[in-house]
Ligand code: SF4
């Protein structure tokens, strides 16, 4: 009886036979032969509704890279200001100068945020803000130096390509000069935000004032040239088409072929609330998992794909660990950008909670630093009850 033997057969074999008989069989052959997928393949993956087959393919690549290892980082986010001249329609975070709700942290307020958590073994400090009209470059450099002085052992991952280009424009410096000065102050990596979708059509609709896609890629490449690393993002689930998502990924793949400087690809799930796009149909779980899986398949030269739990929610991020993602990001501590746009996740997870999510998904948690070097601790990481249990998995 075939059904009986099917039940006792390892599930991976069943899935393999399923995919081999599916419309994605030729893509399976390419994945097994470790051959680069084409734009056409990417489009077909997005068109297919065989989500489990797509996930199976992405998981093959994910496990080829990392086996069961799943990474997380003990990090802290600091948003120094939300005052921004760009007014992107999808952004719930920014305010015009003088507008109610705008903020700019003084350097001693930034220092106080770092000091509050000095007892925790944080390895990465993530700093981003808006494009402030007249904040001098010295503020940014002093901010970085202050954090570095207080946390010499942590990596400072700071400022999007958009902020870097804005600073260069305001200060009449070249992008390279800005990056070099930030590097000397202590910045070691760029977080990768601001890429949104590279499509000029979408950028005209959403963020015509913002640094364009060529500019974003240029800042990333220049950072790589001087030895800084960076992440790359895609904001999806608003006005973009599947083809525009694919083209975005392929532009990143081409840049990575050139420099090899990208660490992680981060698909950012768009949050609709409080934005100029509140009427946009909310994205679905299918879109989340498919976007992560297709990115794992197309971005064959990116070592890591992140399921950013802040935007996805912890439960969806956990499922994504079987759809191509190998990294959950980190503890975060205080997140404003996604939450001002209605993200329903908590604002922090403890190390125990992150590792619990990973283990419950059948994966092996590995604490990493910004560059994915495993962090070895002599004692168990402290468990910090930041949130009442039960409120975490909203
Ligand atoms: S997305 Fe960034 S650049 Fe655009 S308005 Fe918001 S803070 Fe400014």
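Residue numbers (the working numbering): 1327 to 1720.
Ideal placement from N, C-alpha and C gives every residue a C-beta, glycine not left out.
{"Item": "Are the region 1449-1460 and the region 1394-1404 in contact at 8 Å, needing three or more beta carbon pairs?", "Value": "yes"}
{"Item": "Going by DSSP, which residues form a beta bridge with residue 1653?", "Value": "1397 and 1632"}
{"Item": "Note down, in chain order, each residue of its chain lying with its Cβ closer than 6 Å to the Cβ of residue 1602, except the 5 sequence neighbours on either side.", "Value": "1415"}
{"Item": "Please list, in chain order, all residues of the same chain as residue 1484 whose beta carbon is under 6 Å from its beta carbon, the five residues on each side excluded.", "Value": "1453 and 1513"}
{"Item": "Do the region 1424-1439 and the region 1372-1385 touch if we need at least three Cβ pairs shorter than 8 Å?", "Value": "no"}
{"Item": "Applying the criterion that 16 or more other CB atoms from any shown protein chain within 10 Å of the CB defines a buried residue, is residue 1616 buried or exposed?", "Value": "buried"}
{"Item": "Sorted by chain position, which residues of the same chain lie with C-beta nearer than 6 Å to residue 1351's C-beta, five sequence neighbours on each side aside?", "Value": "none"}
{"Item": "For residue 1689 versus residue 1647, is the C-beta distance shorter than 8 Å?", "Value": "yes"}
{"Item": "Bridge partners for residue 1690 per DSSP, in chain order?", "Value": "1395"}
{"Item": "Counting pairs of Cβ atoms below 8 Å between the region 1550-1560 and the region 1581-1590, do you hit three or more?", "Value": "yes"}
{"Item": "Quick check: the Cα distance between residue 1518 and residue 1405, rounded to an integer number of angstroms?", "Value": "15 Å"}
{"Item": "Quick one: residues in its chain with C-beta nearer than 7 Å to the C-beta of residue 1492, no 5 flanking neighbours on either side, listed in chain order?", "Value": "1457"}
{"Item": "Below 8 Å on the Cβ atoms is my guess for residue 1388 versus residue 1571; work out the distance and round it to an integer in Å.", "Value": "Not a contact, Cβ separation roughly 19 Å."}
{"Item": "Spell out whether any CB of chain C is found under 8 Å from the CB atom of residue 1634.", "Value": "Looking at the structure shown, chain C is missing, and only one protein chain is on hand."}
{"Item": "Does residue 1463 come out as helix, strand or coil in the three-state DSSP assignment?", "Value": "helix"}
{"Item": "Residues in the same chain with beta-carbon distance under 6 Å from residue 1791, minus the five sequence neighbours each way, listed in chain order, please.", "Value": "Outside the displayed span of the chain (1327 to 1720) sits residue 1791, for which this structure offers no information."}
{"Item": "Just verifying my parser: in three-state terms, what is the DSSP assignment at residue 1492?", "Value": "helix"}
{"Item": "If you draw a straight line from the C-alpha of residue 1655 to the C-alpha of residue 1691, how long is it?", "Value": "12 Å"}
{"Item": "Thinking just about the alpha-carbon of each residue, which of 1699, 1704 and 1695 is nearest to the one in residue 1480?", "Value": "1695"}
{"Item": "What does DSSP give as the partner residues of residue 1591 in its beta bridges?", "Value": "1558 and 1631"}
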